[in-house]
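Undergrad:
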């Protein structure tokens, strides 16, 4: 579990596609407390640390993850957003983020708004139902607030404050770039419960119907 508050941006040192999975070696920067087996968010994707050395940590990404996120084209020199898993005494400055990406969106347009930058992102149509004005969303692992939802265009609008522009990779994204999207997990759980209750209700009505 994560908060969507990026701790640092680091460089990918090595990428090796073995066919079975993709191994990534990433500079660990200030993460001196990492241990093998730890969960870490890389651009919003929850991965497991499999190896450590003095300068870097290594993770292994299965082919499924590579295919459903924007990490497929990652290469040495790529800069990625990093966040360690939260602890019980962590300030929850963002929102609950699982690191399980729901889909890949595309940056459509950017515009300056004072010191902020508004970003228009097209997301998979099936995710729009989870988007609500002033609600939460994770983009490349960053906890952000939705400032606009345009269902007819499957488009959402976020606003990047100067801190987000300078301390994450999102400020450098250009129109056409792919981004990982994770919808608010609370919205998804509510939908699941309501759907389940609806199915149960339908089942009850069938049981109560008189037999002919």
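Numbering (the numbering used here), first residue to last: 31 to 242.
We treat Cβ as the ideally placed atom computed from N, Cα and C, and that holds for glycine.
Since this is a predicted model, take the numbers as computed values, not measurements.
State buried or exposed for residue 162, treating a residue as buried only when at least 16 other CB atoms are found within 10 Å of its CB.
TA: One-based indexing of the chain shown puts residue 162 at position 132. With fewer than 16 Cβ atoms within 10 Å of its Cβ, residue 162 is classed as exposed.
Undergrad: What are the uninterrupted segments assigned as beta strand (DSSP E) that are 3 or more residues long and contained completely in the segment 88-163, given in chain order?
TA: 109-114, 133-143 and 146-152
Undergrad: Which same chain residues, not among the five before or five after residue 93, have their C-beta less than 7 Å away from its C-beta?
TA: Here residue 93 is taken as the residue at index 63 of the chain shown, counted from 1. Contacts found: 51.
Undergrad: Provide the residue span of the beta strand (DSSP E) that contains residue 78, from first to last.
TA: If you number the chain shown from 1, residue 78 lands on position 48. Note, residue 78: beta strand (DSSP E), 75-82.
Undergrad: Closest to residue 141 by CA distance: which of 41, 190, 114 and 220 is it?
TA: For the purposes of this step, residue 141 is taken as residue 111 along the chain shown, with counting starting at 1. Answer by Cα proximity: 190.
Undergrad: What are the boundary residues of the beta strand (DSSP E) that residue 38 is part of?
TA: By one-based count along the chain shown, residue 38 stands at place 8. 38-47 is the span of the beta strand (DSSP E), which, as asked, contains residue 38.
Undergrad: Taking residue 147 as the reference, which of 155, 188 and 38 has the closest Cα?
TA: Numbered from its first residue, the chain shown carries residue 147 at position 117. Answer by Cα proximity: 188.
Undergrad: Out of 225, 177 and 104, which one is the CA nearest neighbour of residue 150?
TA: Within the chain shown, numbered from 1, the residue matching residue 150 stands at position 120. The shortest C-alpha separation from residue 150 is found at 177.
Undergrad: Within this structure, are the beta carbons of residue 134 and residue 111 separated by less than 8 Å?
TA: Residue mapping note: residue 134 aligns to position 104 of the chain shown, counting from 1. Residue mapping note: residue 111 aligns to position 81 of the chain shown, counting from 1. For residue 134 and residue 111, no; Cβs fall outside 8 Å.
Undergrad: Output needed for residue 66: all residues of its chain with C-beta closer than 8 Å, excluding positions within five of it in sequence on either side, in chain order.
TA: For the purposes of this step, residue 66 is identified with residue 36 of the chain shown, where counting begins at 1. The residues are 79, 80, 81 and 82.
Undergrad: Check this for me: beta carbons of residue 205 and residue 127, under 8 Å apart or not?
TA: On the chain shown, residue 205 is found 175 positions in, with the first residue counted as 1. On the chain shown, residue 127 is found 97 positions in, with the first residue counted as 1. No, these two residues do not count as a Cβ contact at 8 Å.
Undergrad: Just verifying my parser: in three-state terms, what is the DSSP assignment at residue 228?
TA: Here the question's residue 228 lines up with position 198 in the chain shown. Three-state DSSP puts residue 228 in a helix.
Undergrad: Since residue 85 is in the alpha helix (DSSP H), which residue starts that stretch and which ends it?
TA: As a first step, residue 85 must be located in the chain shown, where it is residue number 55. First-last for residue 85: undefined, no H or E at that position.
Undergrad: Nearest CA to the CA of residue 32: which residue from 174, 113 and 45?
TA: Mapped onto the chain shown, residue 32 falls at position 2. Closest by alpha carbon: 113.
Undergrad: Please list, in chain order, all residues of the same chain as residue 168 whose beta carbon is under 6 Å from its beta carbon, the five residues on each side excluded.
TA: For the purposes of this step, residue 168 is taken as residue 138 along the chain shown, with counting starting at 1. Only 34, 74, 127 and 212 meet the Cβ criterion.
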